[in-house]
Amino acid sequence: MNIFRLTGDLSHLAAIIILLLKIWKSRSCAGISGKSQILFALVFTTRYLDLFTSFISLYNTCMKLIYIGCAYATVYLIYAKFRATYDGNHDSFRVEFLVVPVGGLSVLINHDFSPLEILWTFSIYLESVAILPQLFMISKTGEAETITTHYLFCLGLYRALYLFNWIWRFYFEGFFDMIAIVAGVVQTVLYCDFFYLYVTKVLKGKKLSLPA
Amino acid sequence: CHRTNVKDEL
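Protein chains in written order, with this note's numbering: chain A, 23 to 234; chain B, 4 to 13.
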């Protein structure tokens, strides 16, 4: 555990909590892509199956349970409790275009051809693109609430910090995992355009709106 | 690859 890894995890946790609180406090999930949230729930479910097979640390187990619990709570709020506020018309990204290629890729390129390992690989690949329905939704409506942009910033920052974590681990532990690194780079790059808008607009007190 | 190490990440 190094400082990048820890702050990365906390940034990820902050993103998840920010989104849950935003929906809960405003009693609305307007502007939030339910599809991205379903994909994240799928990511956590397929990655953390090792909860049943191996124990790493209390920290590890607790964080996994919190991530999974929050992911399903978010999906529940969007598709059940506050379903009336869900903007399905603008959430029109075709997720099969992500899940099918990612599924194929995880069968083809993995560390070990075993069910748990393939599911882990699937979750890594899927996480790298799971935010696309959300970004697509924002590009479609042309705007995002400021609290939603804070959520996205924390979520992007988390993977960027993991990149530094991997650089650290490579130098000090001689450890690297090519699948996680490549997917992590892809995931971080997808946020770059958003990071630019966040810094130039949101941090200067303006609402994030795209030119028509 | 050090696969067992990666599982300690989230």
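Beta carbons: idealized from backbone N, C-alpha and C, even for Gly.
Spatial neighbours of residue i within its chain, please: CB distance less than 7 Å, with the 5 preceding and 5 following residues excluded, ordered by chain position.
i: Val-129 (chain A); result: Ile-140
i: Arg-181 (chain A); result: Gly-206, Gln-209 and Thr-210
i: Trp-190 (chain A); result: Asn-24 and Phe-26
i: Lys-162 (chain A); result: His-112
i: Lys-103 (chain A); result: none
i: Val-65 (chain A); result: Ser-145, Leu-148, Glu-149 and Ala-152
Report yes if the C-beta distance between residue i and residue j is below 9 Å; otherwise report no.
i: Ile-153 (chain A); j: Tyr-213 (chain A); result: yes
i: Ile-169 (chain A); j: Lys-57 (chain A); result: no
i: Thr-83 (chain A); j: Phe-74 (chain A); result: no
i: Glu-165 (chain A); j: Ser-231 (chain A); result: yes
i: Thr-107 (chain A); j: Ala-52 (chain A); result: yes
i: Asn-24 (chain A); j: Phe-194 (chain A); result: yes
i: Thr-143 (chain A); j: Ile-88 (chain A); result: no
i: Ser-145 (chain A); j: Arg-69 (chain A); result: yes
i: Pro-155 (chain A); j: Asp-109 (chain A); result: no
i: Phe-119 (chain A); j: Ser-55 (chain A); result: no
i: Leu-13 (chain B); j: His-133 (chain A); result: no
i: Leu-177 (chain A); j: Leu-99 (chain A); result: no
i: Ile-60 (chain A); j: Val-117 (chain A); result: yes
Quick one: residues in its chain with C-beta nearer than 8 Å to the C-beta of residue i, no 5 flanking neighbours on either side, listed in chain order?
i: Tyr-220 (chain A); result: Thr-171, Leu-174, Phe-175 and Leu-230
i: Ala-63 (chain A); result: Ile-90, Ala-93, Tyr-94, Thr-96 and Val-97
i: Ser-49 (chain A); result: The sequence as given places Arg at residue 49 (chain A); Ser does not occur at that position. Excluding residues within five positions, the ones whose Cβ falls inside 8 Å are Phe-104 and Thr-107.
i: Phe-217 (chain A); result: Phe-175 and Gly-178
i: Met-85 (chain A); result: Asp-31 and Leu-35
Please return the same chain residues whose Cβ sits closer than 6 Å to the Cβ of residue i, not counting the five positions on each side in sequence.
i: Arg-27 (chain A); result: Asn-187
i: Val-121 (chain A); result: none
Compute the beta-carbon to beta-carbon distance between residue i and residue j, rounded to the nearest angstrom, for a pair I have assumed lies under 8 Å.
i: Lys-22 (chain B); j: Asp-72 (chain A); result: Only positions 4 to 13 of chain B appear in the structure, and residue 22 (chain B) is not among them; the question remains open.
i: Leu-183 (chain A); j: Thr-29 (chain A); result: 5 Å
Short of 7 Å Cβ to Cβ, which residues in the segment 135-159 of chain A face chain B?
none
Which residues, taken in chain order from the segment 78-95 of chain A, show a beta carbon closer than 8 Å to some beta carbon of chain B?
Within the segment 78-95 of chain A, the qualifying residues are Ile-78, Ser-79, Asn-82, Met-85, Lys-86 and Tyr-89.
In the segment 47-79 of chain A, which residues sit with their C-beta less than 7 Å from some C-beta in chain B, listed in chain order?
Listed by position, the residues of the segment 47-79 of chain A near chain B (Cβ gap below 7 Å) are Asp-72, Ser-76 and Ile-78.
Contact set between the segment 24-38 of chain A and chain B, restricted to residues whose Cβ is under 9 Å from the partner
Arg-27, Gly-30, Asp-31 and His-34
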